[in-house]
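The opening position of the sequence shown corresponds to residue -17 in my numbering, with each subsequent residue numbered one higher.
All C-beta atoms, glycine included, are put in the ideal place defined by N, C-alpha and C.
Nothing here was measured: the structure is a model prediction, and the numbers come from that model.
Worksheet: the structure to be examined is printed underneath.
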Amino acid sequence: MRSKSVLIVISVLLIAAFAMSACATPTAAPAAPVVEATDAPVATAEVATEVAVEPGMLPEVDPSTVTGDIISAGSSTVYPLSEAVQALFEQEGYTGQHTLSSIGSGGGFERFCKTGETDISNASRGIKDSEVESCGALSPARTPVEFRVGTDAIAIVVSKENTFLTNVTLEELGLIFTSATKWSDVNPEWPAEDILRFTPGTDSGTFDFFTEEVIQGPQDIDELDDAKALVLAASNLQTSEDDNTLVQGVLGSPYAIGYFGYAYFNDQSDNLTAVSIDGVTPTVVTAEDGSYALARPLFIYSDAGVITAKPQIGAFINFYLTRVNEVIFEVGYFPASETALNDAKMKLAEILK
């Protein structure tokens, strides 16, 4: 009996121990799923953050939802490009009024920085320190933000009737637009006929760039204004802020020569000849790699305060930067490099965030 009792007690204890160990297992099991559930959302959030700040990422713009007017002015060179982007913006639904004026880069910066009457300034040159100071003196102050939108190659052009000029050196070009009176003064094989010169006006970024690259640099002139004075003192010189006026002037004589943005040459390529410089003609390749001497960047400028206060300005610049390459070849210019355009997009994204 006693041995049976002992066996019964031992059996009961074994059964109890087994039951307790069986119950302990489920209490520990939930620990693993809790950790997994906590980790998963963290990984997802990190991926989403990386996508949001991807370089060049801008929100999509629906022009039909954009309200408010836009005022822009400036470079005659950038004008046809901005006009083409504006037309696309309107084609896709924008119904506001966009006032776009071609008055030269200098004139554009004056309206943007001195009077503050424009929202966007088109420019074929970088903004000057004095113009930045003028922007800062406005109330409220403006801090110009530069957006690269394309690349231009200034075309040196003559009429198709001109049969003697197909290529010039940079040195010859400097003489043609300053001290030489007759073509034969530059090259004795050229006609002894007066050189008829057509150049953009002094408010033009094209004039500034040409004078700096063709006159000031090659002739080691300290001040740009002194180089400009040499050009403006040349005989038989006509200036105009209207590139179409320059085109018509060059077409008027086989002894005329002029220069302006490539788009205006492209529009009149049946009637005009683009003269190569040191054997290099303006093309998308030579403009991008810098082998063409007169390639230059094209810009639009605005201000973070303007963009923030007027959503339509940010929307249009966004549209401009994301769609400009759809129209740039048709207009007659060349795309900015992917890096330059992406940098411009990132500047805008930083303002819009």
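Closest in alpha carbon position to D190, among G50, L40, T59, is T59.
With a cutoff of 8 Å on beta-carbon distance, G156 and R107 are scored as not near each other. DSSP, read as helix, strand or coil, puts T184 in coil. Counting the other Cβ atoms within 10 Å of the Cβ of S284 gives 16 or more, which makes it buried. The segment 70 to 87 makes no contact with the segment 213 to 221; the number of CB pairs closer than 8 Å stays below 3. The beta carbon of G183 sits closer than 7 Å to those of G86, F189, T221, S222, E223, all from its chain and outside the five residues before and after it, given in chain order.
Of the other Cβ atoms in all chains shown, fewer than 16 fall within 10 Å of the Cβ of T321; this residue is therefore exposed. Taking all protein chains shown into account, S54 has 16 or more neighbouring C-beta atoms within 10 Å of its C-beta and is therefore buried. Here V267 is exposed, its C-beta having fewer than 16 other C-beta atoms within 10 Å. For the pair A297 and V67, the CB atoms are not nearer than the 8 Å cut-off.
With contacts defined as CB atoms closer than 8 Å, K210 and T227 fail to qualify as a contacting pair.
As far as DSSP is concerned, A331 takes part in no beta bridge. Non-local C-beta neighbours of E74 in its own chain, meaning closer than 6 Å and more than five positions away in sequence, comprise P45, ordered along the chain.
Your pair V131 and F281 checks out as a contact, with CB atoms roughly 6 Å apart and the cut at 8 Å.
Each of Y76, V140, P62 was checked against the Cα of I295, and the nearest Cα belongs to Y76. In its chain, beyond the 5 residues on either side, F180, Q220, A238, G240 have a beta carbon closer than 7 Å to the beta carbon of G231. Taking C-beta separations shorter than 8 Å and ignoring five residues to either side along the sequence, the partners of D185 in its chain run I85, G86, S87, G88, G89, E223, following chain order. Apart from sequence neighbours up to five positions away, the residues of its chain that approach Y274 with a beta-carbon distance below 6 Å are A135, V262, P264, T268, ordered along the chain. According to the DSSP secondary-structure assignment, V150 is paired through a beta bridge with I259.
Taking all protein chains in view, the Cβ of F311 is surrounded by fewer than 16 other Cβ atoms within 10 Å, so the residue is classified as exposed.
DSSP places I102 in the uninterrupted beta strand (DSSP E) bounded by 102 to 105. Nearest Cα to L147 within the set S161, E153, T160, W165: W165. In this structure, DSSP gives Y302 a helical state, which the three-state scheme calls helix. For S83, same chain residues with a beta-carbon under 7 Å away, outside a window of 5 residues either side, are A55 in chain order.
According to DSSP, residue pairing for P279 in a beta bridge involves T133. E113 counts as buried, since no fewer than 16 other beta carbons sit within 10 angstroms of its beta carbon. Assignment of F242 by DSSP, reduced to helix, strand and coil, places it in the strand class. Following the DSSP letters along the chain, one finds Q68 inside the alpha helix (DSSP H) bounded by residues 61 to 73. With fewer than 16 other beta carbons inside 10 angstroms of its own, D51 counts as exposed.
In the same chain as E175, and ignoring 5 residues on each side of it, the C-beta atoms closer than 7 Å to its own belong to K164, W165, Y237, in chain order. With distances taken between CA atoms, L70 lies nearest to I299 out of I299, D325, L330, N324.
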